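Asker:
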Amino acid sequence: METKKLTCIVCPLGCHVEITKNDGTFNVTGNKCPRGEKYAIEEMTNPTRVVPTTVVIKNASLSRLPVKTSKPVPKKDIFKVMELINQVEVEAPIKTGDIVIENILGLNVNIVATRSMKSVI
Amino acid sequence: MKYDIVVIGGGPAGLAAAVEANKNGIKNILVLERDRELGGILQQCIHNGFGLHIFKEELTGPEYAERFMDELKELNIEYKLNTMVIDISEDKVITAVSPTDGIISIQAKAVILAMGCRERTRGAISIPGSRPAGILSAGTAQRYLNMEGYMVGKKVVIVGSGDIGLIMARRMTLEGAEVKAVVELMPFSGGLNRNIVQCLDDFDIPLMLGHTITEIRNGNRVTGVSVSKVDENLKVVEGTTFDIECDTILFSVGLIPENELSLKAGVELSEVTNGAVVNESMETSVPGIFACGNVLHVHDLVDYVTEESRKAGRFAVKYVKGEINGDKENVIDTKPLNGISYIVPQKLRTAYLDDNVSLYMRVRNVYEKATFVIKADGEIIKEIKKTHLAPGEMERLSIKTDLIKNRNISELTVEVVEEVK
Ligand SMILES: Cc1cc2nc3c(=O)[nH]c(=O)nc-3n(C[C@H](O)[C@H](O)[C@H](O)COP(=O)(O)OP(=O)(O)OC[C@H]3O[C@@H](n4cnc5c(N)ncnc54)[C@H](O)[C@@H]3O)c2cc1C
Ligand code: SF4
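Line order of the protein sequences matches chains B and L.
Its first residue numbered 15, the first sequence is counted upward by one per residue in my numbering.
Its first residue numbered 357, the second sequence is counted upward by one per residue in my numbering.
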């Protein structure tokens with residue numbers, strides 16, 4: 015039997031959950047909603063995170079465009095993902111949801127724009 | 357110029373209030389924003405964690421803002437950018453300046469204050485030393501990095517564990533900086549738990565609770581800090597000092613509502629929240645002037661900002677339409693007791709309550725298991741059990757209006773009773 019105390023980070027409520035692993039089955043308590051259970055099990059088996067960051071943008075009123083991973087990526091890949099994102103440059107106009115990098119690291123996750131930016135030329 | 361409703365500030369609070377007012381039937385609305393774009397502070401908060409209550413999905417700050425900006429534009433609500441309001445009079449004449457219009461004067465029937473807040477600076481918490489390069493507020497660093505792409509340093513110590521500090525610890529780490537520590541005076545963090553997990557724990561950044569900076573070493577730029585432990589009276593403990601080498605110090609020591617304008621309009625402020633004293637409709641002590649969002653009290657969840665601001669928008673419309681007629685009816689004062697630092701709204705006029713009353717509040721301490729006890733004139737009307745309470749996390753309690761209406765109650769109190777272990 016293995017027990018872990020975790021803070022669910024799926025939403026800002028931050029429930030304090032407790033997960034117990036027993037013969038390959040999991041028992042989760044303390045979560046206010048079902049997403050907390052899913053989170054706790056993943057956190058024990060394969061922790062993942064959404065990565066929000068920016069890329070260089072040309073022809074816009076600002077020099078950075080905010081982006082994020084369309085889905086959470088494995089925690090261990092975060093810095094590899096950052097390295098690839100930092101090599102990208104885009105050009106305005108951009109719309110929220112536009113794909114900046116497709117299928118990053120073959121993870122089946124896209125890097126998408128999180129705001130729209132008009133072209134200034 | 358004349359408008360029915362003028363909204364000051366185009367952040368999430370102002371946007372939600374304007375949209376809601378429009379949907380409630382007043383079309384003659386103007387939003388004034390001093391920045392070059394709408395969206396407020398959310399435009400620099402590129403991390404995810406916004407909107408789970410309101411949209412049932414997790415958005416980043418700019419995504420959340422854009423939804424309201426799109427709605428504002430679809431509804432053809434008028435707004436002016438680069439327009440800074442410099443004065444509001446008690447009879448609701450607003451003076452603003454902009455590079456294109458010069459000085460403008462606007463008569464409003466109702467005003468919604470949504471100016472947000474600003475960061476406390478190092479001066480506000482007095483740390484000795486000169487002013488070398490490399491000392492910034494966390495929010496300034498966030499704006500530089502996320503909007504201009506400018507990294508403020510390589511070896512960073514963050515003072516204060518509010519959410520902005522925590523978010524910046526991760527952000528700087530992802531961009532290649534080494535965040536040496538987050539130093540927090542109090543024995544608990546002022547930030548959300550999830551941020552401690554995903555911003556510090558994920559990257560093994562130490563959170564030094566009960567510590568303070570006692571010296572900043574520098575040439576032209578910061579070269580390091582001395583950190584010491586503090587005791588339960590927050591006094592430095594002799595012999596506990598150690599050094600951390602760094603080139604940058606980010607201060608994240610809290611936010612203060614930006615209320616200079618409110619004062620000019622004669623609005624009464626609360627000494628605890630530094631925001632206006634409001635009633636159930638988010639109306640201030642000046643009839644027809646409403647306040648919502650961070651200018652009213654500092655929020656950690658934008659969803660609550662939206663909720664509160666919609667209410668301000670809805671009641672501003674009622675005010676303009678003449679559907680609110682004075683304070684003659686039963687007014688209940690809300691009062692924080694043991695364990696609670698403040699409650700917003702401070703006054704409830706029973707005639708204008710919806711089916712449920714939302715009370716927003718902060719607790720003074722960390723409690724693992726506790727009960728909120730709500731009393732009407734000393735009589736318990738509701739108890740709500742909670743498993744984790746912290747000052748960094750605003751609580752919203754909802755009570756049925758039937759419990760307090762038509763009973764001639766004068767005071768509603770809330771206190772925290774800790775469960776004995
Ligand atoms: C760094 C940081 C991280 C956060 N993280 C989260 C999170 O993860 N999840 C979450 O739900 N919430 C989060 N929040 C909270 C949330 O973003 C805020 O509570 C919310 O943005 C407040 O909205 P507002 O409209 O009241 O203020 P603001 O967004 O500050 O908007 C106020 C607007 O008023 C304008 N203004 C001010 N004075 C004048 C004037 N005199 N004339 C004209 N315009 C004026 C300003 O330019 C600004 O645009 C975070 C907040 C910060 C600061
Ligand atoms: S368990 Fe549900 S409610 Fe609690 S933090 Fe996780 S997602 Fe939020």
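Ideal Cβ positions, reconstructed from N, Cα and C, are used throughout, including at glycine.
Treat the numbers as computed from the prediction; the structure is a model and nothing was measured.
Quick one: complete alpha helix (DSSP H) runs, 4+ long, within the region 65 to 107 of chain B?
Answerer: 92 to 99
Asker: Regarding leucine 27 of chain B and ligand 2, is the C-beta to nearest heavy atom distance less than 7 Å?
Answerer: As a position in the first sequence, residue 27 of chain B is number 13, starting the count at 1. For ligand 2, at least one heavy atom lies less than 7 Å from the Cβ of leucine 27 of chain B.
Asker: Restricting to Cα atoms, I'd like to know which of L:Thr743, L:Leu386, L:Ala726, L:Tyr708 is closest to aspartate 758 of chain L.
Answerer: Position 402 of the second sequence, counted from the start, is the residue given in the question as residue 758 of chain L. For aspartate 758 of chain L, the nearest C-alpha among the options comes from L:Tyr708.
Asker: What residues in the region 546 to 571 of chain L bring their beta carbon closer than 7 Å to a beta carbon of chain B?
Answerer: Leu548, Asn549, Arg550, Val553, Gln554, Asp558
Asker: For tyrosine 136 of chain B, does the three-state DSSP call read helix, strand or coil?
Answerer: As displayed, chain B neither begins before 15 nor continues past 135, which places residue 136 of chain B out of reach and without an answer.
Asker: Who are the near neighbours of threonine 67 of chain B in its chain, counting only those whose CB is closer than 7 Å to its CB and skipping five residues on each side?
Answerer: Mapped onto the first sequence, residue 67 of chain B falls at position 53. If we look at threonine 67 of chain B and ignore the five residues flanking it on each side, its Cβ neighbours are Val81, Met96, Ile99.
Asker: Among B:Val134, B:Glu51, B:Lys46, which residue has its Cα nearest to the Cα of threonine 39 of chain B?
Answerer: Numbered from 1 along the first sequence, position 25 holds the residue referred to as residue 39 of chain B. Comparing Cα positions, the closest option is B:Glu51.
Asker: Using a cut-off of 7 Å between C-beta atoms, extract the partners of isoleucine 23 of chain B located in chain L.
Answerer: The residue given as residue 23 of chain B occupies position 9 in the first sequence. For a Cβ distance threshold of 7 Å, residue set Arg550, Val553, Gln554 of chain L lies close to isoleucine 23 of chain B, ordered along the chain.
Asker: Could you tell me which residues DSSP pairs with asparagine 574 of chain L in its beta bridges?
Answerer: Reading the second sequence from its first residue, position 218 is the one you call residue 574 of chain L. The partner list for asparagine 574 of chain L (beta bridge, DSSP) reads L:Val578.
Asker: Under 7 Å: does the beta carbon of lysine 46 of chain B sit that close to some heavy atom of ligand 2?
Answerer: Position 32 of the first sequence, counted from the start, is the residue given in the question as residue 46 of chain B. Flag set: Cβ of lysine 46 of chain B near ligand 2.
Asker: So glutamate 434 of chain L packs on leucine 386 of chain L, CB below 8 Å; how close in whole Å?
Answerer: Here residue 434 of chain L corresponds to residue number 78 of the second sequence, with the count starting at 1. Here residue 386 of chain L corresponds to residue number 30 of the second sequence, with the count starting at 1. Right, their Cβ atoms sit about 5 Å apart.
Asker: Tell me the start and end of each unbroken beta strand (DSSP E) in the region 525 to 576 of chain L that is at least 3 residues and wholly inside, in chain order.
Answerer: 534 to 540, 563 to 565, 567 to 574
Asker: Answer yes or no: do glycine 644 of chain L and valine 467 of chain L have a C-beta to C-beta separation smaller than 8 Å?
Answerer: Position 288 of the second sequence, counting from 1, holds the residue named residue 644 of chain L. Position 111 of the second sequence, counting from 1, holds the residue named residue 467 of chain L. Closer than 8 Å, so yes.
Asker: Kindly give me the distance between the Cβ atoms of valine 651 of chain L and glutamate 614 of chain L, rounded to whole angstroms, as I take these residues to be in contact under 8 Å.
Answerer: Stepping through the second sequence from its first residue, residue 651 of chain L is reached at position 295. Stepping through the second sequence from its first residue, residue 614 of chain L is reached at position 258. Right, the Cβ-Cβ distance comes to about 6 Å (below 8 Å), so this counts as a contact.
Asker: Just to make sure I have the definition right: I need the residues of chain B whose C-beta is within less than 7 Å of the C-beta of threonine 416 of chain L. Which are they?
Answerer: Taking the second sequence and counting its residues from 1, the one referred to as residue 416 of chain L is at position 60. Those are Pro66, Pro80, Lys82, Thr128, listed as they occur along chain B.
Asker: Please indicate yes or no: does the CB of glycine 748 of chain L lie closer than 7 Å to some heavy atom of ligand 2?
Answerer: Counting from 1 along the second sequence, the entry for residue 748 of chain L is found at position 392. For ligand 2, not one heavy atom lies less than 7 Å from the Cβ of glycine 748 of chain L.
Asker: Quick one: what does DSSP say lysine 379 of chain L is sitting in, helix, strand or coil?
Answerer: Mapped onto the second sequence, residue 379 of chain L falls at position 23. Lysine 379 of chain L: helix per DSSP, three-state reduction.
Asker: What are the partner residues of cysteine 473 of chain L, as DSSP defines its beta bridges?
Answerer: Start at 1 with the first residue of the second sequence, and residue 473 of chain L comes out as number 117. For cysteine 473 of chain L, the pairing in a beta bridge is given by DSSP as L:Pro613.
Asker: Just curious, the alpha helix (DSSP H) that leucine 606 of chain L is in, first and last residue?
Answerer: Residue numbering aside, residue 606 of chain L sits at position 250 when the second sequence is read from its first letter. Per DSSP, leucine 606 of chain L belongs to no alpha helix (DSSP H); it is in the beta strand (DSSP E), 604 to 607.
Asker: Can you pull the DSSP bridge partners for histidine 30 of chain B?
Answerer: The sequence position of residue 30 of chain B within the first sequence is 16, counting from 1. Answer is B:Thr21.
Asker: Among B:Ala127, B:Ala106, B:Lys94, which has the Cα closest to the Cα of serine 75 of chain B?
Answerer: The residue given as residue 75 of chain B occupies position 61 in the first sequence. Comparing Cα-Cα distances from serine 75 of chain B to each of B:Ala127, B:Ala106, B:Lys94, the minimum goes to B:Ala106.
Asker: Please state if the CB of glycine 695 of chain L and the CB of glutamate 751 of chain L are separated by a distance shorter than 8 Å.
Answerer: For the purposes of this step, residue 751 of chain L is taken as the residue at position 395 of the second sequence. For the purposes of this step, residue 695 of chain L is taken as the residue at position 339 of the second sequence. Not a contact, by the Cβ cut-off of 8 Å.
Asker: According to DSSP, which residues form a beta bridge with isoleucine 135 of chain B?
Answerer: Working through the first sequence from its first residue, we reach residue 135 of chain B at position 121. Beta-bridge pairing links isoleucine 135 of chain B to no other residue.
Asker: Quick one: residues in its chain with C-beta nearer than 7 Å to the C-beta of methionine 471 of chain L, no 5 flanking neighbours on either side, listed in chain order?
Answerer: Position 115 of the second sequence, counting from 1, holds the residue named residue 471 of chain L. Excluding sequence neighbours, methionine 471 of chain L sits near Ile364, Gly365, Glu614, Leu617, Val651.
Asker: Can you give me the C-alpha to C-alpha distance between methionine 503 of chain L and valine 535 of chain L, rounded to a whole angstrom?
Answerer: For the purposes of this step, residue 503 of chain L is identified with residue 147 of the second sequence, where counting begins at 1. For the purposes of this step, residue 535 of chain L is identified with residue 179 of the second sequence, where counting begins at 1. So the alpha carbons of these two residues sit roughly 21 Å apart.
Asker: Starting from the beta carbon of histidine 744 of chain L, find every residue of chain B whose beta carbon is closer than 7 Å, and list them in chain order.
Answerer: As a position in the second sequence, residue 744 of chain L is number 388, starting the count at 1. Within chain B, the residues near histidine 744 of chain L are His30.
Asker: Considering only the beta carbon of each residue, do asparagine 438 of chain L and arginine 392 of chain L sit closer than 8 Å?
Answerer: The residue given as residue 438 of chain L occupies position 82 in the second sequence. The residue given as residue 392 of chain L occupies position 36 in the second sequence. The criterion of a C-beta distance shorter than 8 Å is satisfied by asparagine 438 of chain L and arginine 392 of chain L.
Asker: Determine the DSSP secondary structure at methionine 357 of chain L, reduced to helix, strand or coil.
Answerer: Residue 357 of chain L sits at position 1 when you count from the first residue of the second sequence. Coil, per DSSP.
Asker: Please determine whether the Cβ atom of threonine 439 of chain L lies at a distance below 7 Å from any heavy atom of ligand 1.
Answerer: As a position in the second sequence, residue 439 of chain L is number 83, starting the count at 1. Answer for threonine 439 of chain L: yes, Cβ within range of ligand 1.
Asker: Against chain B, does methionine 503 of chain L count as a neighbour if the rule is that its beta carbon must be under 8 Å from one of theirs?
Answerer: To locate residue 503 of chain L, count along the second sequence from 1; it is residue 147. It does: the Cβ of methionine 503 of chain L has a partner Cβ on chain B nearer than 8 Å.
Asker: For proline 88 of chain B versus valine 64 of chain B, is the C-beta spacing smaller than 8 Å?
Answerer: As a working mapping, residue 88 of chain B is identified with position 74 in the first sequence. As a working mapping, residue 64 of chain B is identified with position 50 in the first sequence. Cβ distance not < 8 Å, so proline 88 of chain B and valine 64 of chain B don't count as in contact.
Asker: What's the C-alpha gap between valine 362 of chain L and isoleucine 737 of chain L?
Answerer: On the second sequence, position 6 is the one that residue 362 of chain L refers to. On the second sequence, position 381 is the one that residue 737 of chain L refers to. About 39 Å.
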